[in-house]
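Numbering (the numbering used here), first residue to last: 438 to 736. This report concerns only the one structure given below.
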Amino acid sequence: MAPIRTKWTRLIRFVAEETSQIHIGQPVDPELDIGIAIANERPVIAHEIIGSPFDPAARLTKHVLSVKVLLSPLSREQIGLARCLGLNYADHAPVAKHIPDYEVELTIVIGKAAKNVPEKDALDYVLGYTAANDVSFRFHQMNVSQWDFSKGFDNTTPIGPCLVAASAIPDPQALSLKTIVNDQVLQTEQQRKFLLQVVQLDRLFYTSHSDQIFSVKQTIAFLSQGTTLQPGTIILTGTPKGVGFFRKPPVYLKHGDAVQVWIGSGIGTLVNPVIEEGYLPCQPICKRKRRWELPGIAS
């Protein structure tokens, strides 16, 4: 089975200033962290992509559009199934009500039907990779045997900002991940005894996917046993240590918090404010002006 080869490298989905319609495109600046740029109200322009993200023949044009509203790289209709891994990092295995928590996770997007896939061929079925914040409600998670309910609340688990083509990330185990809440770095890997690879940028250590218990290849091979993973299936591959539930003292998300999850190799920063259900989006988050940045990361 040949790997998926796309004409694009980084895909975003957005409402364009010029048309007020939804388009997909590739950012003109290959180094730009799209999430940070949008959060800081910096202009973002993209070459329009004609066709579906799942069609390798989709054409990357020279037509430039300006991003008015950044959307998730895939629509809800395009995501047929979501699979999530828990306790998939050697340094994040077990342990008030509600207790919303953050989790940075590399997210696999399946690009063609996959069933009974051998591990050696697994990456051939990957369209691309993006980031997710697998927002988890720990009270509900810890009081039942099945975790799906606690991770499926409305308007949680955002993905984005970019979908990076699989061909641009030949080794997904080498990616680095990071979470920042209210300007505080909360998910990084500093206990090197578990790491096979350590990435150091400006004295900050970032979790590497080489720390995963089950690799991306193993995950796809396992989940495709007797089950067809259709194009549009997304797989969240687990989170490293540093989640709020296990911190001392614990750190839980609350209304008004500012959350950034970052993954390298062009995926960039997924930026989301925390809005408690029942609040209007402009109360009080829109009233405070903040600059979003990632310490020690250029893109």
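Where is the CB? At the ideal position from N, CA and C, for every residue including glycine. Because the structure is a prediction, the values reported are computed rather than measured.
Per DSSP, the bridge partner or partners of residue i
| i | result |
| --- | --- |
| D395 | With the chain represented from 438 up to 736, any question about residue 395 goes unanswered, as that position is not in the structure. |
| W699 | K615 and T706 |
| I547 | V563 |
| A568 | L543 and G597 |
| I650 | Answer is none; I650 lacks a bridge partner. |
| L666 | A551 |
Closest Cα partner of residue i within the set the options
| i | options | result |
| --- | --- | --- |
| T676 | F659, K552 and I700 | I700 |
| I486 | G472, L502, P609 and Q655 | L502 |
| I449 | V618, C521, A568 and P686 | A568 |
| T434 | Q697, G565 and I671 | Since the first residue shown for the chain is 438 and the last is 736, residue 434 is missing from the structure and cannot be characterised. |
| F659 | L522, D538, R442 and V688 | L522 |
| R513 | P595, A476, G679 and S702 | P595 |
| Q463 | R575, I482 and I475 | I482 |
| S457 | L508, R447 and G472 | L508 |
| K499 | S702, Q610, G565 and W445 | W445 |
| L673 | K549, N570, I475 and G663 | N570 |
| Q610 | R520, A550, S702 and K549 | S702 |
| V452 | A476, K505 and N592 | K505 |
| E713 | N592, A474 and L707 | N592 |
| S652 | I471, I473 and T544 | T544 |
| I461 | D694, P510 and E468 | P510 |
| D620 | N525, E542, D694 and L497 | D694 |
6 Å CB neighbourhood of residue i in its chain, flanking five on each side removed
| i | result |
| --- | --- |
| R640 | Residue placement at R640 cannot be trusted, given a pLDDT of 33 that sits under 50; what the coordinates show is reported in the next sentence. Counting only Cβ-Cβ distances below 6 Å, and skipping sequence neighbours, we find nothing. |
| L623 | T616 and G679 |
| K552 | S661 and T665 |
| R575 | I536, D538 and F682 |
| A559 | K654, I657 and A658 |
Cut-off 8 Å between Cβ atoms - residues of its own chain near residue i, not counting five sequence neighbours on either side
| i | result |
| --- | --- |
| V532 | Low confidence applies to V532: its pLDDT is 40, below 50, so where it sits in the model is not reliable, and the reading given next is rough at best. Answer for V532: F682 and F683, listed in chain order. |
| E743 | Any question about residue 743 goes unanswered here, given that the chain covers just 438 to 736. |
| P555 | A658 |
| L690 | P537, D538, Y539, V572, V618, G681, V696 and V711 |
| V465 | I482, A483, H484 and V501 |
| I547 | Y562, V563, L564, I657, L666, Q667, P668, G669, T670, I671 and I672 |
Nearest-angstrom Cα separation, counted from residue j out to residue i
| i | j | result |
| --- | --- | --- |
| H692 | P607 | 38 Å |
| G705 | P598 | 7 Å |
| A439 | L518 | 23 Å |
| P668 | I459 | 21 Å |
| T656 | P687 | 30 Å |
| P480 | T664 | 43 Å |
| N709 | F491 | 26 Å |
| K654 | L600 | 19 Å |
| R520 | E478 | 33 Å |
| Q634 | Y566 | Legend: pLDDT at Q634 = 31, less than 50; position of this residue unreliable, value from coordinates given subsequently. Cα to Cα, the separation comes out at about 20 Å. |
Residue i, enclosing alpha helix (DSSP H) - first and last residue
| i | result |
| --- | --- |
| A658 | V653 to L660 |
| G472 | I471 to A476 |
Opening and closing residue of the beta strand (DSSP E) in which residue i lies
| i | result |
| --- | --- |
| H484 | I482 to I487 |
| L623 | Q621 to Q624 |
| T498 | R496 to L508 |
| P464 | I459 to P464 |
| F451 | R447 to A453 |
| R520 | A519 to C521 |
| I596 | I596 to A602 |
| L673 | I671 to L673 |
Close-in-space but distant-in-sequence residues of the same chain around residue i (CB under 7 Å, 5 per side omitted)
| i | result |
| --- | --- |
| R442 | P493 and S604 |
| S489 | A495 |
| I516 | G669 and I671 |
| K549 | I441, Y562 and P668 |
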